Structures are given as structure tokens and as C-alpha cells.
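So the structure is just underneath, and the comments pick up after that.
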Amino acid sequence: MCHPQTEPHFDSGDPVYAEAARAFLLSGGNMLAQCRAIQTYEEGHFHTTEGITVGSEFAIKTYSNSDTPYAQWQGEVASNGGSVPSALLDDGSQLRPSTFSVVDDGALDTQYHVWATRVDGTADEVLGGMLHYLGGHSYDEGADLLQRDAVR
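Structural data, given as C-alpha cells:
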């Protein structure tokens, strides 16, 4: 699967970015938002009805929907650091029907570490795309920029 637009760590409270992302997704684009970019884009309520709260790191993981293309990795997905290591639903918030978890803590009050949603329009001419979220990160600060970008 190709992600033509990626945001590894983008911090902005300006709703113009979520609006631009929605237009991109509705045109058929796909996107990956990681770490702080999750909060930036979830202000547009792509995955949830009322938003998210930053969660914590967690050790026990449930790998749901592991047959999806986005869930193809080797080994365990680490929940290690970053400004958004996971996310919890805000009070009264729910996942949208098109949103699915890929990695979570398996608890009743679920913390989501990796999750995705289909962003569709209502008109026949609107294509729609996938928006993926990946919480947390741990990059070797000693590595050069090219190596760090390759890890992402």
C-alpha cells in the first residue's frame, strides 16, 4: 500500500490542515499520520465522533485486523515514547463505523496505538481514501537524518 502523504510529527492547532487533509483524502489520496500529527488531524474527527485524549505507553497488545495491508510488519510493534504514544477516546466519543483498530491494548477502555479509517464522500464522483494513525516513535538520535527517515 502506498501512502502518498505522510506526517511523522506535525504539531498545529490550525483546522486548515485537517480541512486540506480531508480534501486530499476525498480525492482518492491515502495518508499516514504519526505521533503528534494524530492530534493535529484528529481535530477534524476523521476516526472519532468527538476527538481523542493522549494515552500512555502500554505493553500488552492486541493485533486486530492483522490481515489488512497496513498491518504487515515483522515482530512486535513497540509503544515507546513520542508525544502521542497511544490515544483514548474523549468522553462521549466513539470510533466512526469505518474506523478499525490494528494494534490496541485489548482493554475495555481501549488505548489505540495503530488504527485506520476510510474517508468517503457522499457523492458518486468522490473517490475517498485511507487515513492511518501510528502512535509513538523511538528513533536513534545518533543516526543520520537519512537513517532516521528510513526507519519511519
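Following our numbering, the numbering of the sequence shown begins with 64 at its first residue and continues without gaps.
Note that the Cβ used here is the ideal one computed from N, Cα and C, for glycine as well.
Just so you know, these numbers come straight off a predicted model, no measurement behind them.
Here DSSP, grouped into helix, strand and coil, assigns E106 to coil. P148 counts as buried, since no fewer than 16 other beta carbons sit within 10 angstroms of its beta carbon. With a 10 Å radius around the Cβ and a threshold of 16 neighbouring Cβ atoms, S90 comes out exposed. Separation of D153 and H108 (C-alpha to C-alpha, rounded to the nearest whole angstrom) is 11 Å.
Around G155, the same chain offers E113 as residues with beta carbons nearer than 6 Å, after the five sequence neighbours per side are excluded. 8 Å or more divides the Cβ of V117 from the Cβ of H176. E82 and D74 have their C-alpha atoms spaced approximately 15 Å apart. Fully contained in the segment 78-130 are the following alpha helix (DSSP H) runs of length 4 or more, in chain order: 79-89, 99-105.
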